[in-house]
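The numbering of the sequence shown is my numbering, which starts it at 25 and goes up by one.
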Amino acid sequence: MGKVPVTVLTGYLGSGKTTLLNRILCEDHGKRYAVIVNEFGELGIDNDLVVGADEEVFEMNNGCICCTVRGDLIRIISGLMKRIDRFDAIIIETTGLADPAPVAQTFFVDDDVRSKTALDAVVTVADAKHLPVRLGDSPEAAEQVAFADVIILNKIDLIDEQARQSLVARIHAINPYAKIVMANHCDIDLAEVLDLGAFDLERIVSLEPGFLTEEHAHEHDEQVKSLSLTATQPLLPELFDTWISDVLRTDGVNILRCKGILHLLDQPRRYVFQSVHMLANGIFTQPWTNTEPRHSRLVFIGRDLDEARLRAGFEACIQKGSATPGLS
Numbered sequence: 025m026g027k028v029p030v031t032v033l034t035g036y037l038g039s040g041k042t043t044l045l046n047r048i049l050c051e052d053h054g055k056r057y058a059v060i061v062n063e064f065g066e067l068g069i070d071n072d073l074v075v076g077a078d079e080e081v082f083e084m085n086n087g088c089i090c091c092t093v094r095g096d097l098i099r100i101i102s103g104l105m106k107r108i109d110r111f112d113a114i115i116i117e118t119t120g121l122a123d124p125a126p127v128a129q130t131f132f133v134d135d136d137v138r139s140k141t142a143l144d145a146v147v148t149v150a151d152a153k154h155l156p157v158r159l160g161d162s163p164e165a166a167e168q169v170a171f172a173d174v175i176i177l178n179k180i181d182l183i184d185e186q187a188r189q190s191l192v193a194r195i196h197a198i199n200p201y202a203k204i205v206m207a208n209h210c211d212i213d214l215a216e217v218l219d220l221g222a223f224d225l226e227r228i229v230s231l232e233p234g235f236l237t238e239e240h241a242h243e244h245d246e247q248v249k250s251l252s253l254t255a256t257q258p259l260l261p262e263l264f265d266t267w268i269s270d271v272l273r274t275d276g277v278n279i280l281r282c283k284g285i286l287h288l289l290d291q292p293r294r295y296v297f298q299s300v301h302m303l304a305n306g307i308f309t310q311p312w313t314n315t316e317p318r319h320s321r322l323v324f325i326g327r328d329l330d331e332a333r334l335r336a337g338f339e340a341c342i343q344k345g346s347a348t349p350g351l352s
């Protein structure tokens with residue numbers, strides 16, 4: 025029996041990683057995937073955004089997979105190996121603030137993991153509009169590009185041809201070996217990212233000579249914080265729309281990512297809201313079931329977040345007479 029292939033799916037906050045993951049899980053390719061989802065904040069959202077999420081989707085919150093929860097990754101993979109008959113491959117979706125190097129290192133320095141799995145490829149999803157800025161202000165974004173075997177340049181419709189050529193040249197200056205795939209909404213042929221056998225250990229060792237022998241310390245930008253808001257009573261749609269629009273208009277430059285699953289008044293379906301800086305969208309998805317609590321959960325990740333003001337604005341959107349939301 026061969027080793028289980030593992031794809032590490034990385035990319036900065038809001039690049040489109042979950043969109044790609046859902047495409048992989050929805051397509052009729054005959055493969056079964058175990059999925060490990062890692063989020064930066066303590067309130068998990070992405071797990072509920074993964075289509076068809078079942079017992080083979082594992083969630084790791086309140087820490088970056090390359091730092092505090094790396095031991096959890098090893099334990100989850102070891103547990104998966106005990107029921108290998110239930111899946112064909114593993115996909116790891118990292119938090120947008122993860123350095124891929126320590127994650128990849130796990131598959132070579134842990135004896136149990138190395139003997140049973142094989143790192144197939146590191147796939148980085150990049151937001152074409154915001155990547156130039158992120159390469160300048162975020163070490164994580166540069167690390168994700170440098171370490172990639174495949175780079176999906178997503179949201180390509182948001183930039184013109186001159187900006188596209190300039191961005192490709194900048195990526196190649198960082199990583200001349202990565203394959204670049206252009207996309208909108210991650211609408212790519214999945215053969216571009218799966219079953220590639222593309223991870224090149226020799227290249228990585230040349231990039232980081234201590235890859236196999238040194239413990240990789242990854243220091244995050246301490247200015248980047250996560251703020252989680254919850255409400256047990258429905259939100260008033262008009263008030264939420266007005267409030268969130270104002271927040272993104274005034275503070276969007278500091279809000280790297282906002283995402284939430286919301287219970288809106290008189291709406292039987294979940295409202296999924298997502299934004300990157302000032303670009304936002306919201307859609308209604310599957311109905312709430314009769315047995316689950318209809319809670320709203322909204323997460324902001326950014327710099328210089330005014331927690332008190334965001335909390336007050338969120339509270340003002342809740343139906344009168346309802347409970348006070350939580351803040352963490």
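Yeah, the Cβ is synthetic: ideal placement off N, Cα and C, and Gly gets one too.
Residue i - containing alpha helix (DSSP H), residue span
| i | result |
| --- | --- |
| cysteine 50 | 41–50 |
| valine 217 | Segment: none, valine 217 is in no alpha helix (DSSP H) and carries neither H nor E. |
| isoleucine 176 | Run containing isoleucine 176: none in the alpha helix (DSSP H); it sits in the beta strand (DSSP E), 174–178. |
| alanine 187 | 185–198 |
| glutamate 316 | Counting along the chain, glutamate 316 falls outside any alpha helix (DSSP H), and DSSP gives it neither H nor E. |
| proline 233 | Taken as a continuous stretch (DSSP letters only), proline 233 belongs to no alpha helix (DSSP H), as it is neither H nor E. |
| arginine 107 | From DSSP, arginine 107 is part of no alpha helix (DSSP H); its letter is neither H nor E. |
| leucine 155 | 155–161 |
| alanine 125 | 124–133 |
Sequence-distant residues of its chain with Cβ nearer than 6 Å to residue i (five each side left out)
| i | result |
| --- | --- |
| leucine 120 | Per the sequence shown, the amino acid found at residue 120 is glycine instead of leucine. Contacts found: Tyr36 and Leu37. |
| isoleucine 116 | Val32 and Ile60 |
| valine 217 | Val147 and Val174 |
| arginine 158 | Tyr36 and Ala165 |
| arginine 318 | His287 and Trp312 |
| glycine 276 | His301 and Met302 |
| glycine 40 | Val149, Asn178 and Cys210 |
| lysine 203 | Val174 |
| glycine 76 | With a pLDDT of 48 at glycine 76, under the threshold of 50, the predicted position of this residue should be treated as unreliable, and no value is reported. |
Buried or exposed (CB count within 10 angstroms, at least 16 for buried), residue i
| i | result |
| --- | --- |
| phenylalanine 264 | buried |
| arginine 56 | exposed |
| lysine 344 | exposed |
| glutamine 129 | buried |
| isoleucine 114 | buried |
| proline 126 | buried |
| leucine 225 | exposed |
| valine 28 | buried |
| phenylalanine 308 | exposed |
| alanine 197 | exposed |
| isoleucine 228 | buried |
| isoleucine 48 | buried |
| threonine 274 | exposed |
| serine 320 | buried |
| threonine 141 | buried |
| glycine 26 | exposed |
Beta-bridge partners of residue i, as assigned by DSSP
| i | result |
| --- | --- |
| glycine 326 | Lys249 and Ile279 |
| valine 300 | Leu303 |
| valine 205 | Ile176 |
| isoleucine 285 | Val296 and Arg321 |
| proline 311 | Arg293 |
| isoleucine 101 | Paired residues: none, contrary to the question. |
| leucine 259 | Leu288 and Ile342 |
Run of the beta strand (DSSP E) containing residue i, from where it starts to where it stops
| i | result |
| --- | --- |
| glycine 337 | Looking at the DSSP string, glycine 337 is not in any beta strand (DSSP E); the run it does join, the alpha helix (DSSP H), is 331–339. |
| aspartate 144 | 141–151 |
| valine 28 | 28–34 |
| glutamate 117 | 113–117 |
7 Å Cβ shell around residue i - same chain, five flanking residues per side excluded
| i | result |
| --- | --- |
| glutamine 168 | Thr34, Gly35, Tyr36, Pro124 and Thr148 |
| leucine 289 | Pro258, Leu259, Leu260, Pro261 and Gln343 |
| glutamine 310 | Arg293 and Arg294 |
| asparagine 305 | Gln298 |
| valine 192 | Ile204 |
| threonine 43 | His209 and Cys210 |
| glutamate 296 | The residue you asked about is not glutamate; residue 296 is valine in the sequence shown. Once the five neighbours on either side are set aside, the close Cβ partners of valine 296 are Leu73, Ile285, Gly306, Ile307 and Thr309. |
| tyrosine 201 | Arg227 |
Neighbourhood of residue i by C-beta, 8 Å cutoff - its chain only, sequence neighbours within 5 removed
| i | result |
| --- | --- |
| arginine 138 | Phe131 and Phe132 |
* Asked: For the 8 Å Cβ check, are there 3 or more pairs between the region 168–181 and the region 145–160?
  -> yes
* Is the region 201–219 touching the region 175–192, taking contact as three or more C-beta pairs under 8 Å? -> yes
* If we count Cβ pairs, one from each stretch, closer than 8 Å, do we get three or more for the region 151–167 versus the region 46–61? -> no
* Would you check if there are 3 or more beta carbon pairs closer than 8 Å linking the region 322–329 to the region 269–281? => yes
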